[in-house]
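See below for the structure under consideration.
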Amino acid sequence: MPRATTPLVLLTTTLLAGALHAAPSVYPTGVTRYDPAKAYNQYVIFSGADKQTHLIDMNGNEVRNWPQAGFPSAIIDPQLVGGERGRVLLQLKDKDPGPLGSAGNGLGNQSVGELDWNGKLVWQWGDQAPGGAAQQHHDQRRLSNGNTLVLANKVHKVAGFKVPQVIDDVIYEVSPDGQVKWQWLASEHLKEFGFTPAQLKLVHGTSNPDYLHINNLSVVGPNRWFDAGDKRFAPDNLLIDSRNANFIAIIDKHSAKVVWRLGPNLAPIEPKSAGKLPRPVDQFVGQHDAHIIPAGLPGAGNLLVFDNQGTAGYPSVPLGLIAGSRVLEIDPIKREIVWQYSAASSRQPGWAFYSSFISSARRLPNGNTLIDEGMNGRFFQVTGAGEIVWEYVSPYLGKAPGSEAVSNWVYRALPVNYDWVPEGTPRSQTAVQAPEPQLKQASAGI
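Residues -22 to -1, 1 to 424 (mature numbering (1 follows the signal peptide of the UniProt record, and there is no 0)) are what the sequence shown spells out, left to right.
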């Protein structure tokens, strides 16, 4: 049953030291800021660190809970399931991950599946998968033809690699009866990702079996570039990004070849021109959630990506001394940044917005952008001018990735329109006023 909470949820929670990047040990959770007139009013779905999936309204009230996690949770368009609202794709069963398993791969995932609004199992896939387990990670998507795309791992030996076995990235298109109708394996396309010969030598020589760590899979979808004749952007083509190798690429669904790519080698960020727009794309690092903004939304056809500015690449780009993340909107034809968000956009110091791993960003119908600062469990909406008009900090705690520390980390947060849920589902839209910062003049002589 839905669990009601007060409109302003300011729970105080003590976390173990070091659980969050630059976070206090006690801090507010729930909705901390909300302007209903400027925000795009909606639900948000996410899987918390508690390994449960939560659907919240604009005041942080949980209106539905599924006691399964998603990596990530994925909503299904009601038009693809006979108009039924509230269906989700989640991970359903764990397995022994083996010696190469970790929080960042799918080796501990036995099965994925579809649940309805009430949690009833509608579809499941895992036992029929190659190797007897789904091993899904980072993405799964329902297609218009009824099939399901699954981004997964395959552990096997690949000639030329230093490690005995690699944790390869594989894409499966799975039919409703569980049959693999199409598949793509990353290691078969290494020469298409833009590595120089020296970089390819580093890739082969890495001691990390998860050499690419592809963390995103999306369908290109209808777009103006294809309508103008650019076949690279065919709506059924697939877009991926590699966290460990700093590239974003489009895969032709028919040839399986990479037909468009950005990265891995881009110009370094120049601090003096970092705020200029438009400008050529500069170096993103360890990025997440790259996708083409869907038709009908502001910026449609452009690429939106969360640029973590973590540590990644061949050779690895180190963390900056004063690190900050960015959200970039990129014209994929001109290869220019046409809009961006950083902490400076909200008149904050660069380190005030930072997640070196996980995270997401999605464009909303009114032009706002929903951002998940993943490692801090913080979601917020910003206007095109950078004003924060809604902010929420997840109160759901669990183990931090690869650690025994406690954290409220969230891999991805997705916007959910009000008409996705069954009619009559409750929601609240009560404004939450945040205190305005007061600047004090320094005393003379200090």
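We put the beta carbon where it would ideally sit given N, CA and C, even for glycine.
Quick one: residues in its chain with C-beta nearer than 6 Å to the C-beta of residue i, no 5 flanking neighbours on either side, listed in chain order?
i	result
Ser25	Thr31, Ala47, Gly48, Ser51
Leu67	Ala52, Glu92, Gln118
Lys132	Asp146, Val148
Gly405	According to the sequence displayed, residue 405 carries Arg and not Gly. Within the same chain, Arg405 has close Cβ partners Asp35.
Arg356	Val371
Ile276	The residue asked about is misnamed: residue 276 is Pro in this sequence, not Ile. Excluding positions up to five away in sequence, the list reads Gly345.
Asn87	Gln69, Ala112, Gln113, Gln114
Glu170	Val236
Between the options, which lies nearest to residue i when the distance is taken from Cα to Cα?
i	options	result
Phe139	Pro393, Lys179, Pro256, Asp208	Lys179
Ala212	Trp317, Tyr396, Ile270, Val9	Ile270
Tyr189	Ser294, Lys98, Leu255, Asp55	Ser294
Arg11	Tyr374, Leu281, Ile366	Ile366
Tyr319	Gly376, Asp72, Gln359	Gln359
Leu121	Gln88, Leu282, Gly61, Asp55	Asp55
Gly364	Pro379, Lys16, Thr7, Val4	Lys16
Met353	Asn346, Gly362, Ser385	Ser385
Arg341	Gln326, His191, Trp317	Trp317
Leu281	Leu70, Ile226, Arg325, Val394	Ile226
Gly241	Asp208, Thr184, Ala290	Ala290
Pro75	Gln102, Gly172, Glu40, Gln113	Gln113
Gly274	Pro393, Val4, Gly345, Tyr396	Gly345
His304	Asp285, Ala322, Pro310	The question names His, but residue 304 in the sequence shown is Arg. For Arg304, the nearest C-alpha among the options comes from Asp285.
Glu40	Pro413, Ala412, Val399	Val399
Pro379	Gly104, Trp44, Gly79, His167	Gly79
Thr45	Gly61, Glu62, Ala27	The sequence given here has Pro at residue 45, not Thr. When each option's Cα is compared against that of Pro45, the closest is Ala27.
Val144	Thr126, Leu163, Lys159, Ala234	Leu163
Pro268	Asp309, Gly124, Ser323	Reading the sequence as shown, one finds Ala at residue 268 and not Pro. Checked all of Asp309, Gly124, Ser323; the closest Cα to Ala268 is Asp309.
Considering just the uninterrupted stretch of the alpha helix (DSSP H) at residue i, what are its terminal residues?
i	result
Arg182	Residue 182 is actually His in this sequence, not Arg. Looking at the DSSP string, the run of the alpha helix (DSSP H) that includes His182 is 175 to 183.
Can you give me the start and stop residues for the beta strand (DSSP E) that residue i sits inside?
i	result
Phe335	That residue, Phe335, is in no beta strand (DSSP E); it is neither H nor E in DSSP.
Phe204	No beta strand (DSSP E) holds Phe204; the alpha helix (DSSP H) holding it covers 202 to 205.
Asp146	144 to 152
Gln416	Gln416 -> no beta strand (DSSP E), and no H or E assigned at all.
Gln69	66 to 72
Thr361	That residue, Thr361, is in no beta strand (DSSP E); it is neither H nor E in DSSP.
Val136	Here Val136 belongs to no beta strand (DSSP E), and DSSP marks it neither H nor E.
His115	114 to 120
Gly25	The amino acid occupying residue 25 in the given sequence is Ser; Gly does not appear at that position. Where Ser25 is concerned, the enclosing beta strand (DSSP E) stretches over 21 to 25.
Pro6	4 to 6
Ala227	225 to 229
Leu163	158 to 163
Give every residue of the same chain whose Cβ lies closer than 8 Å to the Cβ of residue i, excluding the five residues on either side of it in the sequence, and list them in chain order.
i	result
residue 429	Residue coverage of the chain in this structure runs from -22 to 424, which leaves residue 429 outside it and unanswerable.
Arg257	Ser251, Glu314, Ile315
Thr65	As written in the sequence, residue 65 is Arg, which differs from the Thr given in the question. Here the set comprises Ile53, Ile54, Pro56, Val59, Glu92, Leu93, Asp94, Trp95, Val100.
Asp260	Leu244, Ala245, Pro246, Ile247, Glu248, Ala252, Ile315
Ile311	Trp203, Asp208
Asp13	Val367, Trp368, Ala409
For residue i, which residues in the same chain have their Cβ closer than 7 Å to its Cβ, ignoring the five residues on either side in sequence?
i	result
Asn193	His116, Asp219, Arg221, His266
Gly279	Asn201, Arg202, Trp203, Ile270, Ile271
Gln102	Leu70, Ser89, Gly91
Gly302	Gln287, Ser320, Ala321, Gly328, Trp329, Phe331, Tyr332
Three or more C-beta pairs below 8 Å linking the stretch 107 to 115 and the stretch 194 to 203 | No: the two stretches stay apart, fewer than three of their Cβ pairs being nearer than 8 Å.
Considering only residues of the stretch 252 to 322, which uninterrupted alpha helix (DSSP H) runs meet the minimum length of 4 residues and lie entirely inside it, listed in chain order?
-> none
Which runs of the beta strand (DSSP E) spanning at least 3 residues fall entirely within the stretch 27 to 65, listed in chain order?
-> 31 to 34, 40 to 44
Can you list the beta strand (DSSP E) stretches of 3 or more residues lying completely in the stretch 352 to 409, in chain order?
-> Whole beta strand (DSSP E) segments, 3+ residues: 356 to 360, 366 to 371, 391 to 394.
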